[in-house]
Ligand SMILES: [Zn+2]
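Residue numbers (our numbering): 1244 to 1585.
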């Protein structure tokens, strides 16, 4: 480089220092570049939900059609899942393979002669976990398309939709054994989950789902709602608010048809009532009307399941509502809500 240019640069630097050194003696503040705005602390959980970027997760939504297709396959090829029968064990092996194909770390949890199927999606935090569950056993002589093939397939479809994301928190996808003989699988996990070195932040149950919003009751023609039991003695207001928000604001369930009653005690969520906050998805028709005539009877076949929703396309839409509401609850919990919990 030319010497004249170098000396010119040096002179310019000297000039630039003079006014600066003059400022120091006068104790005037040195102006700093503006700070980035601090992340606002959410005032309420509702504010936080309002800020959540749901569209960031809308590209890989779980689909009712996938639940429908796999449940169709299961009920024709792996129905009759009464505990301790060869057809039950063949179904268990099929479900293990399916979970492995989703990239989950699959472990069987033995208790007595039964086995829970657990799929772990580990986060950086391997300690706190959200657990999603559905029972895979049936009573005797039952295909179990609705009770509870639909719930199992919903859990697996949500796992598929989440497979491309890495969350800081751990998510466990559980298929419980021996629900029909006294909630035994979920009760065993509730008492023994520490053997996997996890604590439970929350539990979401799926049992007899899909015949719900936007399907109509085939007996009365009335609109069906989306029913999510939310408490059973262990209230978590934020978790309930999250469920309502996901159903109404994100997946479009009509507000007047989003129903959030106290959870009953008839399925696996009851096993967790003293462990963590719980949510339980079930069809509104579970305890009313036409459906009760085939619940827990040999009539629980795939054609009956489909007919009870008003047809194949209606059932797929009803399943959309379930899995997409469940999915958004999980992403908020695993992403933003985990931050909120700190
Ligand atoms: Zn059931």
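Cβ atoms here follow ideal geometry from the backbone N, Cα and C, with glycine treated the same way.
Keep in mind that this is a model prediction, so the values were computed, not measured.
Residue i vs residue j beta-carbon contact at 8 Å
i	j	result
residue 1391	residue 1378	yes
residue 1428	residue 1539	no
residue 1371	residue 1412	yes
residue 1449	residue 1381	no
residue 1305	residue 1404	yes
residue 1393	residue 1452	yes
residue 1422	residue 1470	no
residue 1461	residue 1551	yes
residue 1561	residue 1387	no
residue 1573	residue 1397	no
residue 1587	residue 1399	Nothing about residue 1587 can be read from this structure; the chain reaches only from 1244 to 1585.
residue 1376	residue 1410	no
Residues near residue i by beta carbon distance below 8 Å, same chain, minus five either side
i	result
residue 1445	1373, 1374, 1479, 1482, 1519, 1520, 1521, 1522 and 1576
Residue i - partner residues in DSSP beta bridges
i	result
residue 1417	1361 and 1376
residue 1472	1523
residue 1354	1357
residue 1296	Beta-bridge pairing links residue 1296 to no other residue.
residue 1368	1412
residue 1383	Per DSSP, none; premise fails for residue 1383.
Proximal residues to residue i (C-beta, below 7 Å), its chain only, five neighbours per side dropped
i	result
residue 1459	1465, 1466, 1467 and 1553
residue 1487	1501 and 1503
residue 1498	1491
residue 1289	1484
residue 1343	1349
Cβ shell of residue i (< 6 Å), same chain only, five flanking positions each side left out
i	result
residue 1505	1474
residue 1334	1321 and 1324
residue 1537	1543 and 1547
residue 1346	1406
residue 1570	1305, 1401 and 1404
residue 1557	1458
residue 1555	1549
Min CB distance residue i to chain B below 8 Å
i	result
residue 1537	In the displayed structure, chain B is absent; only one protein chain is listed.
Legend entry - Runs of alpha helix (DSSP H) wholly within the region 1477-1509 (minimum 4 residues, chain order): Entirely contained in the region 1477-1509, the alpha helix (DSSP H) runs reaching 4 residues are, in chain order, 1480-1488.
Legend entry - Entirely enclosed alpha helix (DSSP H) segments - the region 1302-1361, minimum 4 residues: You should have 1307-1320 and 1329-1344.
Legend entry - 4-residue-minimum alpha helix (DSSP H) runs that sit fully inside the region 1531-1568, ordered along the chain: Restricted to the region 1531-1568, the alpha helix (DSSP H) segments that are unbroken, complete and at least 4 residues in length are 1545-1552, listed in chain order.
Inset, instruction - Counting only runs of 4+ residues fully inside the region 1386-1458, write out the alpha helix (DSSP H) ranges in chain order. - result: Entirely contained in the region 1386-1458, the alpha helix (DSSP H) runs reaching 4 residues are, in chain order, 1394-1405 and 1427-1435.
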